[in-house]
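Down below is the structure, laid out as structure tokens.
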Amino acid sequence: MLLPKAWLEKYVEIEGSTRALADRITETGSHVESIENRGKDISGVVIGRIEKIEAHPDADKLVVCQVDVGTDTRQIITGAKNVFEGALVPVALDGAKLAGGMEIHETEMRGVKSCGMMCSLEEVGFDASVVPKESRDGIHILTADCKPGDDYTKILELDKEVIELEITPNRPDCLSVAGMAIETAASCDSELHLPEISVVEDGEVAMKDRFSKLDVQTENAPRFYLRMLTDVQVAPSPQWMQNDLMASGVRPVNNIVDLTNYVMLELGQPLHAYDLAALDGDGIVVRMAEEGERMTTLDEEERILTPSDIVIADGSGVIGLAGVMGGAMSSVNSSTHTVILEGANFSGEHIRKTSKRLGLRSEASTRFEKGLDPETAKRAVDRVAQLAVEIGAAKVAKGALDHYPHPVSPKTLEASVSRINGLLGTALSGEEMEKILESLLIDVERNEDTLRATIPTFRGDLNIWQDLAEEVGRIYGFGNIEPKPLTGTLTRGGKSPYRRAEKKARDILLAAGYDEFMTYSFMGPSAYDRIRLPEGHPLRDSVRIMNPLGEEYSIMRTTLLPNMLDIFAKNISYKNSAAYGFEFGNVFSKEDDGEGLPKESVNLSIGFYGKEDFYFLKKTIETLLFRMGIGDLRFVQAEDFPLFHRGRQARVFSGDAEIGIFGAVHPELSDEMGLRQEIYMAELDFSRIVDAAVEAVTYRPIARFPAVERDLAFVVEKKLPAQKLIDYIEEKGTDLLEEVRVFDVYFGKGIEDGKKSIALKMFFRHQERTLKESEVTEIIDALIEGIESTFDAKLRSE
Numbered sequence: 001m002l003l004p005k006a007w008l009e010k011y012v013e014i015e016g017s018t019r020a021l022a023d024r025i026t027e028t029g030s031h032v033e034s035i036e037n038r039g040k041d042i043s044g045v046v047i048g049r050i051e052k053i054e055a056h057p058d059a060d061k062l063v064v065c066q067v068d069v070g071t072d073t074r075q076i077i078t079g080a081k082n083v084f085e086g087a088l089v090p091v092a093l094d095g096a097k098l099a100g101g102m103e104i105h106e107t108e109m110r111g112v113k114s115c116g117m118m119c120s121l122e123e124v125g126f127d128a129s130v131v132p133k134e135s136r137d138g139i140h141i142l143t144a145d146c147k148p149g150d151d152y153t154k155i156l157e158l159d160k161e162v163i164e165l166e167i168t169p170n171r172p173d174c175l176s177v178a179g180m181a182i183e184t185a186a187s188c189d190s191e192l193h194l195p196e197i198s199v200v201e202d203g204e205v206a207m208k209d210r211f212s213k214l215d216v217q218t219e220n221a222p223r224f225y226l227r228m229l230t231d232v233q234v235a236p237s238p239q240w241m242q243n244d245l246m247a248s249g250v251r252p253v254n255n256i257v258d259l260t261n262y263v264m265l266e267l268g269q270p271l272h273a274y275d276l277a278a279l280d281g282d283g284i285v286v287r288m289a290e291e292g293e294r295m296t297t298l299d300e301e302e303r304i305l306t307p308s309d310i311v312i313a314d315g316s317g318v319i320g321l322a323g324v325m326g327g328a329m330s331s332v333n334s335s336t337h338t339v340i341l342e343g344a345n346f347s348g349e350h351i352r353k354t355s356k357r358l359g360l361r362s363e364a365s366t367r368f369e370k371g372l373d374p375e376t377a378k379r380a381v382d383r384v385a386q387l388a389v390e391i392g393a394a395k396v397a398k399g400a401l402d403h404y405p406h407p408v409s410p411k412t413l414e415a416s417v418s419r420i421n422g423l424l425g426t427a428l429s430g431e432e433m434e435k436i437l438e439s440l441l442i443d444v445e446r447n448e449d450t451l452r453a454t455i456p457t458f459r460g461d462l463n464i465w466q467d468l469a470e471e472v473g474r475i476y477g478f479g480n481i482e483p484k485p486l487t488g489t490l491t492r493g494g495k496s497p498y499r500r501a502e503k504k505a506r507d508i509l510l511a512a513g514y515d516e517f518m519t520y521s522f523m524g525p526s527a528y529d530r531i532r533l534p535e536g537h538p539l540r541d542s543v544r545i546m547n548p549l550g551e552e553y554s555i556m557r558t559t560l561l562p563n564m565l566d567i568f569a570k571n572i573s574y575k576n577s578a579a580y581g582f583e584f585g586n587v588f589s590k591e592d593d594g595e596g597l598p599k600e601s602v603n604l605s606i607g608f609y610g611k612e613d614f615y616f617l618k619k620t621i622e623t624l625l626f627r628m629g630i631g632d633l634r635f636v637q638a639e640d641f642p643l644f645h646r647g648r649q650a651r652v653f654s655g656d657a658e659i660g661i662f663g664a665v666h667p668e669l670s671d672e673m674g675l676r677q678e679i680y681m682a683e684l685d686f687s688r689i690v691d692a693a694v695e696a697v698t699y700r701p702i703a704r705f706p707a708v709e710r711d712l713a714f715v716v717e718k719k720l721p722a723q724k725l726i727d728y729i730e731e732k733g734t735d736l737l738e739e740v741r742v743f744d745v746y747f748g749k750g751i752e753d754g755k756k757s758i759a760l761k762m763f764f765r766h767q768e769r770t771l772k773e774s775e776v777t778e779i780i781d782a783l784i785e786g787i788e789s790t791f792d793a794k795l796r797s798e
């Protein structure tokens, strides 16, 4: 934002240098980027009045002017076509210096002496983007109340610096001269003189007689305020107004358009002026655009609109793109006699999206997208009406139209003087804090230690008492706060049990040869189709994203398996012969987490394709859980998870708690996806693993006495899980049983159809002596008898 010091001085008394002012503004939160001294290279330029113009005797494109420069009359030759007798122009006298280092001296042009040069705005340092159209290819014709001999740099206020500011997004009120005047007065402890706004309705007609309809059809326009100007005389703006606009980086156009731009810069509220004669009907409609609707904006570009764009329309169609740019058809021009002034408040989110989609950034959109105060809309329109009367540009019709269904009320915050001092590390009195806050136009009622502050509606960034403390601190000056040692209780840092468990599990899997995967937490509904989940499956009940990047990223995942399957499919397509990986990832459910948000938990997926098989994955899980201190493991055959082959999947339990599932990807799915590899995957509930994990490791000495091994093989029903036999042996094997495990499962020759042979190895050991053969035999006999009767099994003797 460009802030002309000359304009700022109209509202606040400033003492000292501009550099000192910039430093103070920066100290209080509004960062100064640079200070531009526009007149530092210019000297010897005065105001001149053209008394007489004659043709050059030897050049058709030149004229000879007699120019009164106050002390005398100089003869100056020019080729500019916009000069006329009586015009006030800038004259660079002999020895004058202009922008860019140009020096002016007396010279002859085709045999005729020229004692100086009449200047354009570009020649005195103005950028072409801010020069009025009528002055671009000619001499600057002044409209100021000045006389020959006056210093041109002072008339155009080029001797006053322009401060460039970086305004933070939470302070849209500072994107205005009035807002920065409030900040400056508070920062420098100076008097503030904001203009008093009052409207004299001196028009002969009432607005409702010419323009009576205002139909706001969208909630994205919380306020819409209109006034009407009559007897409009479109002309160049006064020089003081042009000076302020050009110094702020805005090109003057005409007095009506300039008034709207001037007040936008002054109060921070974008405005728009419509030529009433160009409007179709006796009113306007504010609505959302229709898909494919078109309009031509002021820059003569045709825009294609979408239903997310807010538009202003009359009887014939769209006449303005709300908050971004007006339409070309209804713009003010030299033949305009009646003007409708608009001051509105729009949804910042919609303005930002429209501006970004169309690549159309404007002074208005820059302000609207940050969120403006609805109360300012009326003040700004009334300010334009007030100034229009003051400069003789128009009269104000009686009445106004105002759509404001939900007026904004000032917030009230309470803060304790002692708490603010405690937060800031200051020792300010309540009276000092009250003075600081009231210098920012915050009304304060003080009652001993309590400050009750009424926040003006334009300060939407103040919501909690700590915000008030920050206001006190920054105006007092954070640099003025005496540094003090930190006080408080020190807490020893360290990783949480969850983080320790995650690191341990990661190290185990990395050591086993797996790589870590990382994928997005969101995916598309089609991911459930890829893993063959039927309609109505609980895992399909996902949290939907309100503003997704696309359909493939529209829901939060409930399982990690689709992402892992996609990784393996991609690796196979890249001709990678093997891939082993794992992922710690969050999964989400619609269950409330107690704070009104979806419940979030952590799962662990493990998978691979390559030379290993189902039992390698089982061993990986077994090793992981064992190393995590989780015992009492059981693997129970499953058939119900559709991603996996029905005969090659199992659920993992620790005691009665289910930890997860693993298996081989169904061959039909592999064929559908064109995968020529067997893929094995598991998904474990890592939260349950953490809950069951044991960090403290208990060691015991190596056994001094030998173990006794026994192998038994039973022929059982083919569908009987081996785990059933293991559970029975562990329960009945007495305290002498140290370990039991399956070492062979056999189908085929010598075994009846529908049967299978399960061979088990058992280890028996006594910790304090050598076992006797008879002791082990007694236990084995009891186990054989129990297994045969319980499971209809037969001991295999071959």
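Read the sequence shown against full-length UniProt numbering and you will find it ends at 798, with the numbers running on by one and no gaps.
Ideal placement from N, C-alpha and C gives every residue a C-beta, glycine not left out.
The structure displayed is predicted, hence computed values, not measured ones.
Asked: Separation of Val131 from Gly399, as counted between CA atoms; Found: 36 Å
Asked: Proximal residues to Gly95 (C-beta, below 8 Å), its chain only, five neighbours per side dropped; Found: Gly44, Glu103, Ile104 and His105
Asked: Ala397 beta carbon less than 8 Å from that of Val205; Found: yes
Asked: Met546 classed as buried or exposed, judged by whether at least 16 other C-beta atoms fall within 10 angstroms; Found: exposed
Asked: Three or more C-beta pairs below 8 Å linking the stretch 182-194 and the stretch 10-24; Found: yes
Asked: Near the ligand NAD: Pro172 beta-carbon under 7 Å from a heavy atom; Found: By its list of ligands, the structure shown contains no ligand whatsoever, and the ligand NAD lies outside what it can speak to.
Asked: Enclosing alpha helix (DSSP H) for Ile621 [first to last residue]; Found: Phe614 to Arg627
Asked: DSSP beta-bridge partners of Phe584; Found: Leu604
Asked: Nearest to Met762 (by Cα), restricted to the options Asp640, Gly596 and Asp711; Found: Asp711
Asked: First through last residue of the alpha helix (DSSP H) which encompasses Phe568; Found: Leu561 to Ser573
Asked: Pair within 8 Å by beta-carbon distance, Glu414 and Trp465; Found: yes
Asked: Residues near Arg171 in its chain [Cβ-Cβ closer than 7 Å; skip 5 each side]; Found: Asp461
Asked: C-beta atoms of Lys5 and Glu161 nearer than 8 Å; Found: yes
Asked: Segment contact, 8 Å Cβ cut-off, at least three pairs: the stretch 187-194 with the stretch 13-21; Found: yes
Asked: Beta-bridge partners of Tyr225, as assigned by DSSP; Found: Gly343 and Asp402
Asked: Close-in-space but distant-in-sequence residues of the same chain around Arg227 (CB under 6 Å, 5 per side omitted); Found: Leu341, Val381, Ala385 and Ala400
Asked: Spatial distance of Ile312 from Asn37 (CA atoms); Found: 41 Å
Asked: Rounded Cβ spacing between Leu468 and Ile420 (contact assumed at less than 8 Å); Found: 7 Å
Asked: Inter-stretch contact at 8 Å, needing at least 3 Cβ pairs: the stretch 697-706 / the stretch 742-760; Found: no
Asked: Identified DSSP bridge partners for Ile661; Found: Arg651 and Glu683
Asked: Cβ shell of Ala55 (< 7 Å), same chain only, five flanking positions each side left out; Found: Val63
Asked: Reduced DSSP category for Lys208 - H, G, I as helix; E, B as strand; rest coil; Found: helix
Asked: Leu276, DSSP secondary structure in three states; Found: helix
Asked: Three or more C-beta pairs below 8 Å linking the stretch 420-429 and the stretch 295-309; Found: no
Asked: Cross-strand partners of Ile47 (DSSP beta bridge); Found: Pro90
Asked: Local Cβ density within 10 Å of Val370, reported as buried at 16 or more and exposed below that; Found: According to the sequence displayed, residue 370 carries Lys and not Val. Lys370 is buried by the Cβ-count criterion.
Asked: Best match in Lys719, Val32 and Lys378 for proximity to Cys174 [C-alpha to C-alpha]; Found: Val32
Asked: Buried versus exposed, by CB contacts within 10 Å (16 or more), Met523; Found: buried
Asked: Pick from Leu737, Met628 and Ala273 that is closest to Ala328, judged by C-alpha positions; Found: Ala273
Asked: Straight-line Cα distance separating Asn603 from residue 808; Found: Only positions 1 to 798 of the chain appear in the structure, and residue 808 is not among them; the question remains open.
Asked: Option nearest Ala759 by Cα separation, candidates Gln767, Leu2, Asp744 and Gly493; Found: Asp744
Asked: 7 Å CB neighbourhood of Gly79 in its chain, flanking five on each side removed; Found: Lys61 and Leu62
Asked: Three-way DSSP call (helix, strand, coil) for Phe368 in this model; Found: helix
Asked: Cβ-based neighbour list, Gly663, same chain, cut-off 8 Å, excluding 5 preceding and 5 following; Found: Phe614, Ala638, Phe641, Leu643, Phe644, His645, Arg648, Gln649, Ala650, Tyr680, Met681 and Ala682
Asked: First through last residue of the beta strand (DSSP E) which encompasses Lys61; Found: Ala59 to Asp68
Asked: Counted within 10 angstroms of its Cβ, other Cβ atoms place Gly513 as buried (16 or more) or exposed; Found: exposed
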